[in-house]
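Inspection log for the structure reproduced underneath, given as structure tokens.
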Amino acid sequence: MFDEQLARRQSSTSNTTRTPVFNISLPIDHFNKSDTRRFNNQYWVNDTWYQPGGPIFFFDGGESGITTQIVSLYLANDTSSTIALAKKYHGLAILWEHRYYGGSLPFPINSSASSSVSAAEPVGAPASYKYLTVEQALEDVVYFANHLEEGGYKANDLDLLHPSKTPWVWVGGSYPGIRGTFMRMRNPEIIHAVWASSPPTEAIYSGASYLSPIARSLPQNCSTDIQAIIKHVDQILAGPKSAQEYRDIQNLTYAAQLAGLPGGFNRTFNYTVALGYDPYSIAQVMRNGFVSFFQSYGPSLITHPFCNYLESYNPGVPGNVTNNTILSILSNPGNAPVSPQGLLATHNNNLTIGVHAYFYAYARNYQHIYRDVVTIAGSAGALVEIEDVLEYETEAPVNAFADQSSWVWQVNTEFGWFQAYDPSYDTPGNHIVSRFYNVTSLQQNQRKAQFSSATIAALPARPNVDAFNKYGGWNMTPSNVMFTDGDADPWRSGSVFSQETELGAPNRRPTTVVPQCGKPPPDGEVYGALYPGAAHVWDLRQVAWVGGKNGVGLYPDGRTPQQVGLDLFEKALDVWLPCFTGTK
Numbered sequence: 011m012f013d014e015q016l017a018r019r020q021s022s023t024s025n026t027t028r029t030p031v032f033n034i035s036l037p038i039d040h041f042n043k044s045d046t047r048r049f050n051n052q053y054w055v056n057d058t059w060y061q062p063g064g065p066i067f068f069f070d071g072g073e074s075g076i077t078t079q080i081v082s083l084y085l086a087n088d089t090s091s092t093i094a095l096a097k098k099y100h101g102l103a104i105l106w107e108h109r110y111y112g113g114s115l116p117f118p119i120n121s122s123a124s125s126s127v128s129a130a131e132p133v134g135a136p137a138s139y140k141y142l143t144v145e146q147a148l149e150d151v152v153y154f155a156n157h158l159e160e161g162g163y164k165a166n167d168l169d170l171l172h173p174s175k176t177p178w179v180w181v182g183g184s185y186p187g188i189r190g191t192f193m194r195m196r197n198p199e200i201i202h203a204v205w206a207s208s209p210p211t212e213a214i215y216s217g218a219s220y221l222s223p224i225a226r227s228l229p230q231n232c233s234t235d236i237q238a239i240i241k242h243v244d245q246i247l248a249g250p251k252s253a254q255e256y257r258d259i260q261n262l263t264y265a266a267q268l269a270g271l272p273g274g275f276n277r278t279f280n281y282t283v284a285l286g287y288d289p290y291s292i293a294q295v296m297r298n299g300f301v302s303f304f305q306s307y308g309p310s311l312i313t314h315p316f317c318n319y320l321e322s323y324n325p326g327v328p329g330n331v332t333n334n335t336i337l338s339i340l341s342n343p344g345n346a347p348v349s350p351q352g353l354l355a356t357h358n359n360n361l362t363i364g365v366h367a368y369f370y371a372y373a374r375n376y377q378h379i380y381r382d383v384v385t386i387a388g389s390a391g392a393l394v395e396i397e398d399v400l401e402y403e404t405e406a407p408v409n410a411f412a413d414q415s416s417w418v419w420q421v422n423t424e425f426g427w428f429q430a431y432d433p434s435y436d437t438p439g440n441h442i443v444s445r446f447y448n449v450t451s452l453q454q455n456q457r458k459a460q461f462s463s464a465t466i467a468a469l470p471a472r473p474n475v476d477a478f479n480k481y482g483g484w485n486m487t488p489s490n491v492m493f494t495d496g497d498a499d500p501w502r503s504g505s506v507f508s509q510e511t512e513l514g515a516p517n518r519r520p521t522t523v524v525p526q527c528g529k530p531p532p533d534g535e536v537y538g539a540l541y542p543g544a545a546h547v548w549d550l551r552q553v554a555w556v557g558g559k560n561g562v563g564l565y566p567d568g569r570t571p572q573q574v575g576l577d578l579f580e581k582a583l584d585v586w587l588p589c590f591t592g593t594k
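Take 11 as the starting number for the sequence shown in this note's numbering and just add one per residue.
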């Protein structure tokens with residue numbers, strides 16, 4: 011029986027206080043044996059349902075520090091797919107924290123630095139960022155699997171837990187899903203099977219294609235109007251900054267941001283602040299009107315409401331706030347009948363009306379998100395995006411700003427995916443964002459916001475996406491891997507299910523026929539599922555916004571993406587687990 015002295019059993023699967031954190035000492039540089047420096051990497055264990063011989067379910071936390079809320083959601087809660095698998099297969103569940111995130115720091119955060127950006131960097135930056143690479147982080151898991159005794163396990167337990175004696179099954183979504191596919195191809199002796207949810211396995215310098223699934227989710231009348239309005243605003247932003255039209259756009263941008271956040275119109279609106287809005291920041295706000303939140307909540311809760319607001323704007327009726335022209339626009343009653351041809355067609359292509367309707371829709375959509383969507387999702391700990399800063403609804407990770415800097419480092423060195431307009435090629439996503447929010451300006455502003463000047467100078471002009479894509483990108487064919495994604499996920503454009511054929515994606519299709527153990531599906535097919543109406547990683551736990559009165563994300567038979575994904579993965583594991591032989 012598993013050593014009771016070391017057992018991390020949970021008295022309750024909802025009690026995170028009984029899930030303590032553990033550490034293992036890892037090399038800072040796995041690929042230089044003369045470098046003896048080490049650091050402590052955090053992980054958590056739940057062996058409530060473990061029986062000797064059961065598999066290990068390794069859940070990768072990815073690009074965020076692990077909070078008690080994340081531990082609860084994914085390691086100590088019945089809503090977690092990892093826990094459902096551990097129960098069914100009598101497995102041991104591990105939650106892993108990625109190096110340079112949370113408390114797993116090869117170098118301490120330079121908290122005594124004079125500037126806020128320097129204070130979020132590791133001591134010794136930029137040189138100390140050298141060891142934040144995909145390969146170093148993958149090798150962390152290899153080392154962990156081979157050196158469990160350094161994490162507190164005894165010799166008799168290692169005989170059961172080592173990947174040569176029991177199958178390790180990786181579960182992860184988004185970047186952790188990518189990591190799982192890489193591990194299966196790179197280290198099949200460590201990882202026997204993988205559930206990769208919404209993994210954008212193809213790194214691209216330009217992330218304009220990220221916007222393409224969002225563009226495809228727009229009704230035609232709304233899409234036509236948005237494109238015309240964006241083009242018109244770009245002409246204004248390119249003109250003299252003293253023009254009244256430019257000043258009006260500044261005021262609308264500033265006020266729409268405030269009116270859309272909690273508190274709405276019950277705020278102080280200081281319009282002198284609006285003078286600080288340059289073309290890039292205006293374009294960024296306009297993009298966020300229906301791009302922010304989309305990857306978490308999808309079209310039913312984000313783009314469709316935005317379009318309903320845009321198309322129902324009524325320019326003939328004053329708003330609820332009558333003592334301020336800008337606020338009157340933003341508080342419009344929105345009671346005009348929606349035309350199949352669109353708002354602009356209804357009003358003789360009056361682009362001033364279109365601009366007013368756009369910012370009205372921005373404010374109303376954010377009010378809807380904070381009032382309805384976040385209220386629904388908050389109890390489940392949904393990720394909430396406020397002005398491009400990701401944070402947990404009820405608990406921010408330790409070193410959250412440093413986490414974000416670590417992620418931006420990875421984006422700028424290996425990943426790419428700058429989610430903005432790219433003039434180098436034409437894609438549906440290009441037409442729904444301003445040219446002033448382009449790949450170059452986003453990269454420059456992102457670096458400036460996150461790093462000191464010394465670190466910026468050390469960054470490459472472009473990320474080395476070729477190193478990332480050596481595992482196959484869109485075309486990868488790993489064995490014993492299940493891929494799942496939402497058909498509306500903006501990250502789908504980088505996944506094996508990508509539709510971006512103009513960029514070279516092969517347009518592969520899913521199959522539910524379980525492949526033979528150790529062999530990929532034939533003919534370029536992908537084992538897994540594309541969930542209709544779903545967005546990013548809707549299947550690794552129960553997400554609060556799926557279902558409900560509007561049936562968001564449900565299959566016609568009433569199942570959720572999580573239920574479909576679990577069913578498919580269990581069918582696969584029933585084939586793949588018995589074929590595990592390990593090494594004796």
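We treat Cβ as the ideally placed atom computed from N, Cα and C, and that holds for glycine.
State the Cα-Cα distance for the pair residue 475 and residue 481, rounded to the nearest angstrom.
11 Å
Have a look at 356, 133 and 171 and flag the residue whose alpha-carbon is nearest the alpha-carbon of residue 232.
356
Looking at C-alpha atoms only, which residue of 107, 218 and 184 is the closest neighbour of residue 495?
184
Starting from the N-terminal side, write out each stretch of the beta strand (DSSP E) that is 3 residues or longer and does not extend beyond the stretch 60 to 115.
66 to 70 and 102 to 106
Beta-bridge partners of residue 586, as assigned by DSSP:
Residue 586 has no beta-bridge partner at all, per DSSP.
Quick check for students: name the residue ranges of the alpha helix (DSSP H) that lie wholly in the stretch 207 to 233, counting only runs of 4 or more.
222 to 226
Leaving out the 5 sequence neighbours to the left and right, which residues in its chain are closer than 6 Å to residue 69 when beta-carbon positions are compared?
84, 92, 105 and 181
Assumed close pair residue 113, residue 107 - CB separation to whole angstroms, cut-off 8 Å:
The C-beta distance from residue 113 to residue 107 rounds to 7 Å, short enough to fall under 8 Å.
Can you list the alpha helix (DSSP H) stretches of 4 or more residues lying completely in the stretch 131 to 185, in chain order?
Listed in chain order, they are 144 to 156 and 165 to 171.
Under the three-state reduction of DSSP, which class applies to residue 291: helix, strand or coil?
In the three-state DSSP reduction, residue 291 falls in the helix class (H, G or I).
On the CB-based measure, 16 or more other CB atoms within 10 Å of its CB, does residue 438 come out buried or exposed?
Residue environment for residue 438: buried (at least 16 other C-beta atoms within 10 angstroms of its C-beta).
Around the C-beta of residue 189, are 16 or more other C-beta atoms found within 10 angstroms, so that it is buried, or is it exposed?
Residue 189 sits buried, since 16 or more C-beta atoms from the chains shown fall within 10 Å of its C-beta.
Below 8 Å, can you find three or more Cβ-Cβ pairs linking the stretch 192 to 211 to the stretch 316 to 332?
no
Residues bridged to residue 492 by DSSP?
205
Among 466, 155 and 339, which one has its Cα closest to the Cα of residue 364?
339
Is there a C-beta anywhere in chain B that falls below 7 Å from the one on residue 270?
As a matter of chain content, chain B is missing from the structure shown, which is built from one protein chain.
Where the beta strand (DSSP E) containing residue 327 begins and where it ends:
Segment: none, residue 327 is in no beta strand (DSSP E) and carries neither H nor E.
Please classify residue 381 as buried or exposed, where buried requires at least 16 other C-beta atoms within 10 Å of its C-beta.
It counts as exposed.
Note down, in chain order, each residue of its chain lying with its Cβ closer than 6 Å to the Cβ of residue 260, except the 5 sequence neighbours on either side.
284 and 287
Is DSSP giving residue 548 helix, strand or coil here?
Judged by DSSP in its simplified three-state form, residue 548 adopts coil rather than helix or strand.
Over what stretch of residues does the alpha helix (DSSP H) that includes residue 270 continue unbroken?
254 to 270
For residue 52, the first and last residue of its enclosing beta strand (DSSP E)
48 to 56
Distance, residue 225 Cα to residue 1 Cα
Given a span of 11 to 594 for the chain in the structure shown, any question on residue 1 remains unanswerable.
Quick one: using the 10 Å Cβ neighbour count with 16 as the cut-off for buried, is residue 191 buried or exposed?
buried
I'd like to know whether the C-beta atoms of residue 149 and residue 40 end up nearer to each other than 7 Å.
yes
Taking the alpha-carbon of residue 238 as reference, which of 367, 524 and 122 has the nearest alpha-carbon?
367
How far does the beta strand (DSSP E) with residue 364 in it extend, from its first residue to its last?
Residue 364 -> not in any beta strand (DSSP E); alpha helix (DSSP H) instead, spanning 361 to 378.
Can you give the Cα-Cα distance for residue 455 and residue 121, rounded to whole angstroms?
22 Å
Is residue 432 closer than 7 Å to residue 443 when the C-beta atoms are compared?
no
For the stretch 538 to 550 against the stretch 572 to 579, do three or more pairs of beta-carbon atoms, one drawn from each stretch, fall closer than 8 Å, so that the two count as touching?
yes
Do residue 423 and residue 347 have their C-beta atoms closer together than 7 Å?
Taking a C-beta distance under 7 Å as the contact criterion, residue 423 and residue 347 do not qualify as a contact pair.
Reduced DSSP secondary structure (H/G/I, E/B, other) of residue 577:
Three-state result, residue 577: helix.
Return the residue from the list 412, 461, 125 and 308 that minimises the CA-CA distance to residue 227.
When only C-alpha atoms are compared, the closest one is 308.
So what's residue 243 in DSSP terms, helix, strand or just coil?
helix
Using DSSP with H/G/I as helix, E/B as strand and the rest coil, what is residue 35?
strand
Counting Cβ pairs, one atom from each stretch, are 3 or more of them under 8 Å apart for the stretch 508 to 515 and the stretch 53 to 61?
no
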